[in-house]
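Residue numbers (our numbering): 19 to 455. Just so you know, even glycine gets a beta-carbon here, dropped at the ideal spot from N, CA and C.
As structure tokens, then:
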């Protein structure tokens with residue numbers, strides 16, 4: 019007999035896991051299908067360590083990580099012309115920018131302050147959004163984005179802010195680089211609303227320890243102790259009419275749920291052969307715009323990682339071809355070696371990752387001393403498919419008319435559009451909706 023739950027989440031990345039943990043803390047019956055080792059590793063593939071963020075750690079009742087060193091930034095943005103050190107507090111950011119930007123620091127700091135302050139204002143607006151009408155996907159998105167566009171000042175583009183502050187083009191590209199890691203479709207013409215919310219997250223660290231709920235030693239422990247995490251491999255989804263009804267696991271275990279959260283491609287992959295080849299399944303796969311974020315994993319000698327470089331770096335290569343921006347993160351493996359991950363986004367049509375030789379030739383621009391010593395590959399390339407995108411000068415919603423009545427997109431789809439505030443508000447609204455039934 020199948021186990022019955024309210025929410026079933028096929029986690030694609032860290033953002034889905036944050037959403038699942040928050041629903042768990044709100045007291046709902048949630049099950050998350052994800053591998054524990056990938057769960058532990060996923061937090062290291064982000065520009066900002068989420069446990070240095072009050073926005074994330076505070077909501078989950080987790081302790082903030084202590085700084086390793088007051089002179090080590092939370093993350094950096096690098097290009098051939100400059101190095102930008104980002105600390106959670108403004109005084110250290112101001113000092114590092116004045117040191118490294120040679121007269122352009124005031125314009126840059128003003129632009130960043132505007133993004134941060136408006137991000138705080140927009141976060142409050144998002145908390146007021148109704149967000150969802152149960153079982154009606156199209157109405158959900160219509161209501162979500164029509165209300166979001168109504169927030170004061172939200173309708174402009176990032177380019178308009180850059181024009182107002184007079185920030186040089188190269189520094190403007192630096193502020194866009196980490197946003198393109200969230201969504202490869204992000205451009206200067208994209209919505210200011212989204213850019214402000216994402217920068218609010220990137221600069222949301224605070225000193226001290228989060229108060230409120232009981233603190234857990236790790237994110238993994240929170241999900242494991244609550245019994246929410248299922249590490250078994252999913253092998254199939256069953257349909258009942260026009261509804262997803264049941265998930266089958268490799269062990270033979272079956273799970274039913276009222277709400278399924280999964281990306282369309284993942285749903286299509288798990289459908290039985292007959293359903294996967296049906297006309298309605300093919301239509302489902304074709305109606306979502308898509309981009310893909312790839313991650314390559316290497317092993318690097320500790321001494322080869324520059325002392326002046328942070329463990330998390332957004333790197334602007336200056337290439338003419340896409341991708342132009344890369345996210346490079348390092349974490350210790352042993353005392354003598356690090357695992358280095360290299361991530362980048364490719365838009366629809368560019369579905370394959372870069373070849374190893376091509377990627378290594380690009381990496382030599384950041385680590386020239388590795389020219390004659392290629393890095394050994396540590397893991398297979400990891401891909402995350404993203405099904406929503408940002409349209410120029412407005413927030414875009416897809417006109418979802420899927421025949422699967424209870425299919426919701428993966429929660430991480432909201433992050434490039436509405437930040438973590440939208441993710442938490444969606445969880446709260448789902449709980450409110452369950453109480454009203």
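Between residue i and residue j, what straight-line distance do the alpha-carbon atoms span, to the nearest angstrom?
{"i": "residue 316", "j": "residue 443", "result": "37 Å"}
{"i": "residue 262", "j": "residue 378", "result": "43 Å"}
{"i": "residue 282", "j": "residue 210", "result": "27 Å"}
{"i": "residue 23", "j": "residue 80", "result": "25 Å"}
{"i": "residue 106", "j": "residue 219", "result": "10 Å"}
{"i": "residue 59", "j": "residue 348", "result": "11 Å"}
{"i": "residue 328", "j": "residue 83", "result": "16 Å"}
{"i": "residue 293", "j": "residue 274", "result": "18 Å"}
{"i": "residue 26", "j": "residue 221", "result": "31 Å"}
{"i": "residue 212", "j": "residue 197", "result": "9 Å"}
{"i": "residue 340", "j": "residue 365", "result": "9 Å"}
{"i": "residue 314", "j": "residue 381", "result": "12 Å"}
{"i": "residue 424", "j": "residue 280", "result": "11 Å"}
{"i": "residue 243", "j": "residue 45", "result": "13 Å"}
{"i": "residue 422", "j": "residue 259", "result": "9 Å"}
{"i": "residue 309", "j": "residue 359", "result": "19 Å"}
{"i": "residue 290", "j": "residue 296", "result": "10 Å"}
{"i": "residue 284", "j": "residue 362", "result": "21 Å"}
{"i": "residue 47", "j": "residue 146", "result": "24 Å"}
{"i": "residue 120", "j": "residue 337", "result": "24 Å"}
{"i": "residue 55", "j": "residue 449", "result": "29 Å"}
{"i": "residue 272", "j": "residue 35", "result": "21 Å"}
{"i": "residue 63", "j": "residue 278", "result": "25 Å"}
{"i": "residue 185", "j": "residue 116", "result": "15 Å"}
{"i": "residue 141", "j": "residue 268", "result": "41 Å"}
{"i": "residue 298", "j": "residue 427", "result": "17 Å"}
{"i": "residue 276", "j": "residue 70", "result": "34 Å"}
{"i": "residue 125", "j": "residue 85", "result": "28 Å"}
{"i": "residue 155", "j": "residue 451", "result": "Because the pLDDT at residue 155 is just 49, under 50, the model does not fix this residue reliably, and the value given afterwards should be weighed accordingly. Taking the straight line joining both Cα atoms gives about 14 Å."}
{"i": "residue 90", "j": "residue 300", "result": "49 Å"}
What do you reckon, are the CB atoms on residue i and residue j nearer than 9 Å?
{"i": "residue 201", "j": "residue 434", "result": "yes"}
{"i": "residue 49", "j": "residue 246", "result": "yes"}
{"i": "residue 445", "j": "residue 37", "result": "yes"}
{"i": "residue 257", "j": "residue 266", "result": "no"}
{"i": "residue 252", "j": "residue 286", "result": "no"}
{"i": "residue 20", "j": "residue 100", "result": "no"}
{"i": "residue 110", "j": "residue 183", "result": "no"}
{"i": "residue 383", "j": "residue 335", "result": "yes"}
Which residue's Cα is closest to the Cα of residue i: the options?
{"i": "residue 215", "options": "439, 449 and 448", "result": "439"}
{"i": "residue 405", "options": "342, 237 and 311", "result": "311"}
{"i": "residue 98", "options": "242, 342 and 447", "result": "342"}
{"i": "residue 205", "options": "182, 396, 224 and 178", "result": "178"}
{"i": "residue 345", "options": "35, 46, 199 and 132", "result": "199"}
{"i": "residue 102", "options": "137, 75, 195 and 34", "result": "195"}
{"i": "residue 239", "options": "20, 450, 47 and 57", "result": "57"}
{"i": "residue 350", "options": "322, 368 and 375", "result": "322"}
{"i": "residue 189", "options": "113, 75, 122 and 407", "result": "122"}
{"i": "residue 324", "options": "388, 125 and 142", "result": "388"}
{"i": "residue 398", "options": "385, 381 and 373", "result": "373"}
{"i": "residue 407", "options": "422, 395, 383 and 432", "result": "432"}
{"i": "residue 118", "options": "129, 104 and 86", "result": "104"}
{"i": "residue 385", "options": "326, 277, 401 and 427", "result": "326"}
{"i": "residue 143", "options": "451, 449, 393 and 436", "result": "436"}
{"i": "residue 207", "options": "125, 175, 180 and 181", "result": "175"}
{"i": "residue 88", "options": "114, 63, 74 and 130", "result": "114"}
{"i": "residue 129", "options": "139, 180 and 91", "result": "180"}
{"i": "residue 395", "options": "357, 403 and 402", "result": "357"}
{"i": "residue 74", "options": "85, 125, 90 and 237", "result": "237"}
{"i": "residue 393", "options": "90, 375 and 139", "result": "375"}
For residue i, I'd like the list of residues in its chain whose CB is within less than 6 Å of its CB, leaving aside the five on either flank, ordered along the chain.
{"i": "residue 52", "result": "29"}
{"i": "residue 229", "result": "Per-residue confidence for residue 229 stands at a pLDDT of 49, beneath the threshold of 50, marking its modelled position as unreliable; no derived number is given."}
{"i": "residue 61", "result": "32 and 68"}
{"i": "residue 224", "result": "72"}
{"i": "residue 137", "result": "214, 215, 217 and 218"}
{"i": "residue 330", "result": "65, 93 and 347"}
{"i": "residue 332", "result": "65, 95, 195, 196 and 345"}
{"i": "residue 391", "result": "none"}
{"i": "residue 371", "result": "312 and 399"}
{"i": "residue 264", "result": "20, 256, 272 and 274"}
{"i": "residue 42", "result": "48, 244 and 246"}
Kindly list the residues whose CB is nearer than 8 Å to the CB of residue i, restricted to its own chain and excluding five residues on each side of it in sequence; keep chain order.
{"i": "residue 355", "result": "317, 318, 319 and 320"}
{"i": "residue 112", "result": "123 and 127"}
{"i": "residue 368", "result": "310 and 340"}
{"i": "residue 353", "result": "320"}
Given residue i, which residues of its chain have a CB within under 7 Å of its CB, disregarding the five upstream and five downstream residues?
{"i": "residue 77", "result": "40 and 442"}
{"i": "residue 187", "result": "none"}
{"i": "residue 203", "result": "309, 365, 407 and 408"}
Can you find a C-beta in chain D that's less than 9 Å from the C-beta of residue i?
{"i": "residue 375", "result": "No chain D is present in this structure, which holds just one protein chain."}
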